[in-house]
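**Q**
Numbering (UniProt numbering), first residue to last: 1 to 495.
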């Protein structure tokens, strides 16, 4: 199997899974907004943001470490199982201590975020899920290191969001507002863990006793800890706008911001979809001293990411009001927030894969410094802009920090990896995107006259149809044709 075919197949699975997961989470957010209200949505967003940060701390960088080290050590025998077992033991122990910390200090955290008793009980409930989520994350990355990407996608992007959505509907009708907010996240985490654990045992042979008996690996720990700092800082930056909105304006402001953040998050499904399969390939290339292939992988992944993100970003930037109106009439007035966050995702697509490449080639300190810089810039901008512009200020701060971080990444790729980050053929999605945006802008007054559901449907059809036609007319690169037509079969890749 060629490298391009492997990437196409695995990235196709990953992209479909991530896209499915993001869409289900979109409907979950809509369900919480419509069934439980703005305050409950804000409480969920605040509690979920805290848990995401706690879980990244507990994982302690061993997700990326196990992904890399199972490609360095033989996968058969005890060495591979020791690698997975040590990563699991280390992260699960930290997860249990972190969950206990959240439970003990839930009252103080709730007071800091102005969430009251509802947020306090939500934090306690969600904390119980932390060890299960952390163990599932390590197991998923271990399987990914064995070129088994599907279990990770199914657990995180299918099982978890579907269980959360179904339980929210059921509990809101049969048990009330509080159970519908408190139970689904924890229940989904436990179910997802037990599903992926069975896959881990089957593929790698790793069992509970391997967690106990696995010897410590100082080299793996030394590699993981800087990545923990990177991931922790990146996750804090990701949730900084939501958390600071809670601290400065309360959970209702966070609730109003969450639909735009969740909708723009659909665009972020593209980057991890490709990064998930590219990461072990880059690790293997680096281990085999075949660094000349890194540039080709980098350029291909960036092209695919930009090709797929561009039309969705254009649609969300030009028609944000009907999209947000799906969550309720009150949210439609915050269209500028979605426009800014969609632009942020588009900027991220240009250099976002660099973090994965740096991590898999051993340059973890570079991405650590990037994460520190990004968090500091966003924190300063957020604290400055939220008091002045409200939730729009939070979105502007995210855009500003991403623009500067992308500039840093561009310079670092040129100076450290020694190649041009942006390939010349990116002019094609840029031109196709510009012409599509012009058409959508001209149609915007007409589309806004429809009911929001019809406006969204027609807008998606017009955007995707125009963009796809222009890309086909301009022509795909030969290697892009092989891969993109496998990922998104337009009916042109006949056998």
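Cβ coordinates follow ideal geometry from the N, Cα and C atoms, glycine included. All values derive from a computational prediction rather than experimental measurement.
So the candidates are 371, 360, 300, 266; which of them puts its Cα closest to the Cα of residue 323?
**A** Considering only alpha carbons, the answer is 266.
**Q** Considering just the uninterrupted stretch of the alpha helix (DSSP H) at residue 146, what are its terminal residues?
**A** Counting along the chain, residue 146 falls outside any alpha helix (DSSP H), and DSSP gives it neither H nor E.
**Q** In this structure, does DSSP put residue 489 in helix, strand or coil?
**A** With a pLDDT of only 40 at residue 489, under the threshold of 50, the placement of this residue in the model should not be trusted, and no figure is reported.
**Q** Starting from the Cα of residue 132, find the closest Cα among 87, 183, 192 and give me that residue.
**A** When each option's Cα is compared against that of residue 132, the closest is 192.
**Q** By Cβ distance below 7 Å, which residues in the same chain neighbour residue 169 in space, the five residues on each side in sequence not counted?
**A** Taken in chain order, the residues that qualify are 31.
**Q** Examine chain D for any beta-carbon lying closer than 8 Å to the beta-carbon of residue 145, and answer yes or no.
**A** Note that chain D does not occur in the displayed structure, where there is just one protein chain.
**Q** Of the choices 428, 167, 93, 260, whose alpha-carbon is the least far from that of residue 330?
**A** That would be 260, whose Cα lies nearest to the Cα of residue 330.
**Q** Under DSSP, the alpha helix (DSSP H) around residue 262 begins and ends at which residues?
**A** Taken as a continuous stretch (DSSP letters only), the alpha helix (DSSP H) holding residue 262 covers 251–265.
**Q** Do residue 350 and residue 377 have their beta-carbon atoms positioned less than 8 Å apart in this structure?
**A** No, they are not a contact pair.
**Q** Look at the alpha carbon of residue 161 and the alpha carbon of residue 65, and state the distance between them as a whole number of angstroms.
**A** Roughly 26 Å separates the two Cα atoms.
**Q** If I measure Cβ to Cβ from residue 232 and keep anything under 6 Å in the same chain, skipping five residues before and after, which residues do I get?
**A** 56, 57, listed in sequence order.
**Q** DSSP three-state label for residue 275, please.
**A** Helix, per DSSP.
**Q** Does DSSP put residue 16 in a helix, in a strand, or in coil?
**A** Here residue 16 sits in helix by DSSP.
**Q** From this set, 184, 358, 82, which residue's C-alpha is nearest residue 415's C-alpha?
**A** Taking only the C-alpha atoms, the option nearest residue 415 is 358.
**Q** Report all residues from its chain with a CB closer than 6 Å to the CB of residue 188; omit the five preceding and five following residues, and keep chain order.
**A** Excluding positions up to five away in sequence, the list reads 160, 163, 164.
**Q** Going by Cα to Cα distance, which pick from 440, 432, 458, 436 is closest to residue 474?
**A** The residue with the shortest Cα to Cα distance from residue 474 is 432.
**Q** What residue from 319, 457, 130, 354 has the CA that sits closest to residue 92's CA?
**A** Taking only the C-alpha atoms, the option nearest residue 92 is 130.
**Q** Would residue 268 pass as a contact of residue 180 if the rule is Cβ separation under 8 Å?
**A** Result no, Cβ atoms of residue 268 and residue 180 do not sit closer than 8 Å.
**Q** Just checking my contact of residue 206 with residue 61 at CB under 8 Å: how many whole Å lie between their CB atoms?
**A** Contact flag wrong, Cβ pair sits at about 19 Å.
**Q** Quick one: grab the DSSP three-state call for residue 508.
**A** The structure shown has nothing for residue 508, since the chain only spans 1 to 495.
**Q** What does the Cβ neighbour count give for residue 222, buried or exposed, with the cut at 16 atoms within 10 Å?
**A** Result: exposed.
**Q** Indicate the three-state DSSP secondary structure (helix, strand or coil) for residue 216 in the structure shown.
**A** Residue 216: coil per DSSP, three-state reduction.
**Q** For residue 409, which residues in the same chain have their Cβ closer than 6 Å to its Cβ, ignoring the five residues on either side in sequence?
**A** Excluding residues within five positions, the ones whose Cβ falls inside 6 Å are 351, 354.
**Q** If residue 229 and residue 140 are in contact, beta carbons under 8 Å, what's the gap, nearest whole angstrom?
**A** Contact doesn't hold; Cβ gap of about 21 Å is too wide.
**Q** Residues in its own chain within less than 7 Å of residue 63 by CB, not counting five upstream and five downstream?
**A** Here the set comprises 137, 138, 141.
**Q** What do you reckon, are the CB atoms on residue 308 and residue 347 nearer than 8 Å?
**A** Taking 8 Å as the Cβ cut-off, residue 308 and residue 347 do not qualify as a contacting pair.
**Q** Could you tell me whether the Cβ atoms of residue 118 and residue 24 are closer together than 8 Å?
**A** Not a contact, by the Cβ cut-off of 8 Å.
**Q** Determine the burial state of residue 448: buried for a count of at least 16 other Cβ atoms within 10 Å of its Cβ, exposed for fewer.
**A** Residue 448 is exposed by the Cβ-count criterion.
**Q** Classify residue 208: buried if its beta carbon has 16 or more other beta carbons within 10 angstroms, exposed otherwise.
**A** Exposed is the call here.
**Q** Looking only at C-alpha atoms, which of 199, 302, 318, 225 sits nearest to residue 426?
**A** Of the candidates 199, 302, 318, 225, the one whose C-alpha sits nearest the C-alpha of residue 426 is 302.
**Q** Are residue 436 and residue 311 closer than 8 Å when you measure CB to CB?
**A** Result yes, Cβ atoms of residue 436 and residue 311 sit closer than 8 Å.
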